[in-house]
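Have a look at the structure below before the remarks.
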Amino acid sequence: MTHKKAYLGGTFNPIHYGHLRMAEEVREALGLEKVVFVLSCNPPLKEEDVLPAELRLQMVELAIRDNPFFEVSDIECHREG
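Residue numbers (this note's numbering): 557 to 637.
If you want it as structure tokens, here you go:
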């Protein structure tokens, strides 16, 4: 059995309806089981006005908590370099 997932990366500073709607549209169009929001913790091209990663992660968790097809990953926060 294959598990079809899409990975949506971003700073989510903050997450908004456009992110959620896009993810749902892609999920429905491609018949995906999950859409994983991958938080970019230290975005190299956005140095100013970026909220702390922990706060952005919490905002994503709150925004997706009622959608069983969405999940969040902080794997980028644990990478070196």
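Positions of the beta carbon are idealized from the N, C-alpha and C atoms, including for glycine.
Check, Outcome
"Given 8 Å, three or more beta-carbon pairs between the region 573 to 585 and the region 598 to 612", "no"
"Assigned exposure category for Arg583 - 16 Cβ within 10 Å defines buried", "buried"
"Nearest-angstrom Cα separation, counted from Leu613 out to Leu595", "7 Å"
"Local Cβ density within 10 Å of Ala619, reported as buried at 16 or more and exposed below that", "buried"
"Contiguous beta strand (DSSP E) assignments of at least 3 residues, all confined to the region 571 to 603", "590 to 595"
"Reduced DSSP secondary structure (H/G/I, E/B, other) of Glu627", "strand"
"C-beta atoms of Ala562 and Leu586 nearer than 8 Å", "yes"
"For Leu564, the first and last residue of its enclosing beta strand (DSSP E)", "561 to 566"
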